[in-house]
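Heads up: the sequence lines are chains U and H, in that order. Counting in the numbering used here, the first sequence runs without a single skipped number right up to 222 at its last residue. Counting in the numbering used here, the second sequence runs without a single skipped number right up to 1134 at its last residue. Note that CB positions come from ideal geometry on N, CA and C, so glycine has one too. Computed from a prediction, not measured in an experiment: that's the story for all the values here. Heads up, the thing below is written out as structure tokens.
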Amino acid sequence: MIVGEQKPILEIKEIIAPYKKILILGCGTCVKTCFAGGEDEVAVLASALRLACKKDGKEIEIEEFTVERQCEDEFIQESAPAISRNDGVLSLACGAGVQAIARRFAKSPVLPGVNTMFIGVLEKQGVFTEECSGCGNCRLDIFGGICPVTRCAKKLLNGPCGGSQNGKCEVNPETDCAWQMIIERLGILGQMDNLRIYVPPKNWQTSLSGGPRKLVREDHMI
Amino acid sequence: MNDNFTPKITLFHCINTVPEIGGFSLTGQDNFELQTVKLACSSMVKDVFLLRAFEAGSDAVIVLVCPEGQCRYVEGNIRAKKRVAWVRNLLDEIGLGGRRLSLSNISAGNNVAASQIIQNVLKDLEDLGPNPAV
């Protein structure tokens, strides 16, 4: 999922300052799971902003609405009446959701309420970790399902650097050494021979370094 | 404290720690309004309920929970404690004052402790004054 964090409330207050009627638009998918922009977070933010504005003597109308997914036009459609009633939209979706709303509603200012951080997993309750860099050329098959591109601080593709201690990364001792984990996992899988496979220097053209990417599925186009 | 100020307090309480509010007296403290919200477990107190209590005009919000390690649902009071801490920070950030929100652990049926907590909050409100967002 895409992991994000709600912006500090004072920053949000500043972002919405020019508007008298604002819609806080939540997204019920990734940002809901990471407690940044689901229905509950929309309600809390709306309440906190109403209190903050009232305290400052500023009049503002805040409407709340959450769609299932802000990155898909089919779901965005449901928010059209609410968007048309307001001067601006504070989106609590990831950056893709914010832009999808902006694209769909060209005349409404769409403001970000969340800082999009990474593609990750829920490691344990309340802890989210980055596990994928979206490099566009996945080789998790030979790395035992553990990505050194994302999880090794040096992005090494052909074995460990030798600097880890007690299974922890020398760059950040709180981070597990990705190569330690890869080797342990390959051992469990009986695939230690994978370590003999030479992985050539990565072609980063498939990553964001090659500019914004596009996926076209002709078979799904009409 | 302003003579015209009648403090409004909202009290969320777990029914396992205080079965019924009203079973205790607040000697000499009759110039305040107390709104109570009974919860089957303090973990039911969501962030937004606390904030909405302030939106509804409360000057202070109290959450009464069971002592740590004695929650019938194991960790309900820990969850409540974390949520209250989070909302207190939020109240500080928006300038309402996190001190207006408090959580106390009290043992089941200890009405004396509950009365004392309310009295302490009333005393705090003498400094804090009315909710500035009303």
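Do residue i and residue j have their C-beta atoms within less than 8 Å of each other?
i	j	result
E63(U)	A36(U)	no
I1009(H)	I1062(H)	yes
K55(U)	A1133(H)	yes
V1048(H)	C1014(H)	no
V67(U)	L23(U)	no
A1108(H)	T1017(H)	yes
N1120(H)	P1067(H)	no
D1059(H)	R1100(H)	yes
C135(U)	T206(U)	yes
L1091(H)	F1032(H)	no
Q77(U)	C27(U)	no
V1045(H)	F1012(H)	yes
L208(U)	G144(U)	no
R1052(H)	S47(U)	yes
Within a Cβ cutoff of 8 Å, which residues of the same chain sit near residue i, ignoring the five residues on either side of it in sequence?
i	result
A254(U)	Residue 254(U) lies beyond the residue range present for chain U, which begins at 1 and ends at 222; the question has no answer from this structure.
E130(U)	V3, M117, F118, I119, G120, T150 and R151
I15(U)	K7, L90, L111, P112 and G113
E72(U)	A100
W980(H)	Nothing in the structure corresponds to residue 980(H), since chain H is present only between 1001 and 1134.
V1084(H)	V1045, L1050, V1063, L1101, S1102 and L1103
I1117(H)	I1062, L1064, S1102, S1104 and I1106
A953(H)	This structure leaves residue 953(H) out entirely; chain H is present only between 1001 and 1134.
Between residue i and the rest of its own chain, which residues show a CB-CB distance below 6 Å, the 5 nearest in sequence each way excluded?
i	result
K21(U)	E61, N86 and D87
S1043(H)	G1076, R1079 and A1080
R1072(H)	N1016
Y19(U)	D87 and G88
I197(U)	I142
A153(U)	C169 and V171
N194(U)	I142 and L186
Leaving out five residues on either side along the sequence, give the residues of the same chain with a beta carbon under 7 Å from the beta carbon of residue i.
i	result
C94(U)	I2, G4, C30, V31, V114 and T116
R139(U)	V199
E170(U)	G163 and S164
V42(U)	I24, G26, E64, T66 and L92
G1098(H)	R1088, N1089, L1091 and D1092
C132(U)	I119, C147 and T150
R213(U)	G136
R50(U)	I62
Which residues, in order along the stretch 48 to 81 of chain U, keep a beta-carbon less than 7 Å from a beta-carbon of chain H?
Taking 7 Å as the Cβ-Cβ cut-off against chain H, the residues of the stretch 48 to 81 of chain U that qualify are A48, R50, L51, A52, K54 and K55.
Interfacial residues, the stretch 1048 to 1062 of chain H to chain U, with Cβ spacing under 7 Å
Within the stretch 1048 to 1062 of chain H, the qualifying residues are V1048, L1051, R1052, F1054 and E1055.
How about the stretch 154 to 162 of chain U and the stretch 97 to 115 of chain U: do they share at least three Cβ pairs that are nearer than 8 Å?
The count of Cβ pairs closer than 8 Å, one atom from the stretch 154 to 162 of chain U and one from the stretch 97 to 115 of chain U, stays below three, leaving the stretches out of contact.
Counting only runs of 4+ residues fully inside the stretch 112 to 156 of chain U, write out the alpha helix (DSSP H) ranges in chain order.
Runs of the alpha helix (DSSP H) inside the stretch 112 to 156 of chain U: 148 to 151.
Segments assigned alpha helix (DSSP H), at least 4 residues, entirely inside the stretch 1073 to 1109 of chain H:
Runs found: 1076 to 1093.
Which runs of the alpha helix (DSSP H) spanning at least 4 residues fall entirely within the stretch 1036 to 1075 of chain H, listed in chain order?
Listed in chain order, they are 1047 to 1055.
Got a sec: which bits of the stretch 1087 to 1101 of chain H sit with their beta carbon under 9 Å from any beta carbon on chain U, in order along the chain?
Residues passing the 9 Å Cβ filter: V1087, L1090, L1091, E1093, I1094, G1095 and L1096.
Entirely enclosed beta strand (DSSP E) segments - the stretch 158 to 187 of chain U, minimum 3 residues:
Entirely contained in the stretch 158 to 187 of chain U, not one beta strand (DSSP E) run reaches 3 residues.
Alpha helix (DSSP H) runs wholly inside the stretch 63 to 118 of chain U, at least 4 long, in chain order
For secondary structure counted as the alpha helix (DSSP H) over 4 or more consecutive residues, the stretch 63 to 118 of chain U holds these complete runs in sequence order: 73 to 76, 80 to 84 and 95 to 104.
Which runs of the alpha helix (DSSP H), 4 residues or longer, sit entirely within the stretch 12 to 43 of chain U?
Runs of the alpha helix (DSSP H) inside the stretch 12 to 43 of chain U: 30 to 33.
Going along the chain, which residues of the stretch 1031 to 1044 of chain H sit with their C-beta nearer than 7 Å to a C-beta in chain U?
Of all residues in the stretch 1031 to 1044 of chain H, none comes within less than 7 Å of chain U when Cβ atoms are compared.
If the cut-off is 9 Å on Cβ atoms, which residues from the stretch 1107 to 1130 of chain H count as contacting chain U, listed in chain order?
Contact residues of the stretch 1107 to 1130 of chain H toward chain U are absent (C-beta to C-beta distance below 9 Å).
Which residues, in order along the stretch 22 to 47 of chain U, keep a beta-carbon less than 8 Å from a beta-carbon of chain H?
Against chain H - using a Cβ distance shorter than 8 Å - the residues of the stretch 22 to 47 of chain U are D40, A43, V44 and S47.
Along the stretch 1063 to 1078 of chain H, what residues have a CB closer than 7 Å to any CB found in chain U?
The residues in question: there are none.
Tell me which residues of the stretch 6 to 19 of chain U have at least one Cβ-Cβ distance to chain H shorter than 9 Å, keeping chain order.
The stretch 6 to 19 of chain U vs chain H, Cβ under 9 Å: P8, I9, L10 and K13.
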